[in-house]
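I have placed the structure first, in the form of structure tokens, so that the comments after it can refer back to it.
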Amino acid sequence: MEQGTPPFPAGVNGYGRVMSALAKALIHPKLPRIKVDLVIDDNGLSLTNYGIPGKVVYTPGHSMGHVSILLDSGDALVGDMAMNDWYLRLTPGLPILADDIDMVVESWKKILPMSITRIYPAHGMDFSVDVMKKEIANFKGGE
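Everything in the sequence shown is counted per this note's numbering, starting at 6 for the first residue and increasing by one.
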């Protein structure tokens, strides 16, 4: 964000590589440059002071600065750490785009024990945490 040109993550499978190449060729976002004024460390950031029962957790992998919001209700707003939309994945699960898919899996391993019940991805409908638990258990490692 400090540069104003966010990098587009690489594809982690064949379809993801095609999507990434197309996006890099066609999409050139220019965002206002901002100075980072808050850094989330491995301890996360409680949101209770803002009236929200939950916390922000650093979950790198899709991008190096990726964060997720874990609510006390069990809902997890995970952004691009999961996908569930027909043009990205036919079934819910891991992203097809990531800077480091192995790091995405490590981030999931970090947050899955945190009383999550429902996953809300950036793309597509929400789904049960059980889907992601199976996906992580079956993960074979990045290509």
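Ideal placement from N, C-alpha and C gives every residue a C-beta, glycine not left out.
Kindly give me the distance between the Cβ atoms of Met86 and Ser73, rounded to whole angstroms, as I take these residues to be in contact under 8 Å. To locate residue 86, count along the sequence shown from 1; it is residue 81. To locate residue 73, count along the sequence shown from 1; it is residue 68. Confirmed, Cβ separation roughly 6 Å.
Euclidean distance between Cα positions of Val17 and Tyr55: In the sequence shown, counting from the first residue as 1, residue 17 sits at position 12. In the sequence shown, counting from the first residue as 1, residue 55 sits at position 50. Rounded to whole angstroms, Val17 to Tyr55 spans 36 Å at the Cα level.
In terms of residues, what are the limits of the alpha helix (DSSP H) holding Gly146? By one-based count along the sequence shown, residue 146 stands at place 141. That residue, Gly146, is in no alpha helix (DSSP H); it is neither H nor E in DSSP.
For the region 62 to 107, which segments carrying the beta strand (DSSP E) assignment without a break, of at least 3 residues, lie completely within its bounds, in sequence order? 72 to 76 and 80 to 89
Quick check: Ile45 and Val62, are their CB atoms within less than 9 Å of each other? Here residue 45 corresponds to residue number 40 of the sequence shown, with the count starting at 1. Here residue 62 corresponds to residue number 57 of the sequence shown, with the count starting at 1. Cβ atoms of Ile45 and Val62: closer than 9 Å.
Which first and last residues belong to the beta strand (DSSP E) in which Gly19 is found? The residue you call residue 19 lines up with position 14 of the sequence shown. Run containing Gly19: none in the beta strand (DSSP E); it sits in the alpha helix (DSSP H), Gly19 to Leu31.
Thinking C-beta only, is Leu102 closer than 9 Å to Pro14? By 1-based counting over the sequence shown, the position of residue 14 is 9. By 1-based counting over the sequence shown, the position of residue 102 is 97. The answer is yes: Cβ separation under 9 Å.
Would you please state the rounded distance, in angstroms, between the beta carbons of Tyr90 and Gly66? I believe it to be under 8 Å. Taking the first residue of the sequence shown as 1, we reach residue 90 at position 85. Taking the first residue of the sequence shown as 1, we reach residue 66 at position 61. The question names Tyr, but residue 90 is Asp in the sequence shown. With a Cβ gap of about 19 Å, Asp90 and Gly66 do not count as contacting.
Where Ile116 falls: helix, strand or coil (DSSP): For the purposes of this step, residue 116 is taken as the residue at position 111 of the sequence shown. Correct three-state label for Ile116: helix.
Tell me the DSSP secondary structure of Lys139 in three-state form. For this step, residue 139 is matched to residue 134 along the sequence shown. Looking at Lys139 - three-state DSSP - the assignment turns out to be helix.
Count the other CB atoms within 10 Å of the CB of Ser112; is the residue buried (16 or more) or exposed (fewer)? The residue given as residue 112 occupies position 107 in the sequence shown. Buried, because 16 or more other Cβ atoms sit within 10 Å of the Cβ of Ser112.
Which residues bound the beta strand (DSSP E) around Gly129? Working through the sequence shown from its first residue, we reach residue 129 at position 124. Arg123 to Gly129 is the extent of the beta strand (DSSP E) around Gly129.
Whole-angstrom distance between Gly84 and Gly146, CA atom to CA atom: The residue given as residue 146 occupies position 141 in the sequence shown. The residue given as residue 84 occupies position 79 in the sequence shown. Using only the alpha carbons, I get a separation of about 21 Å.
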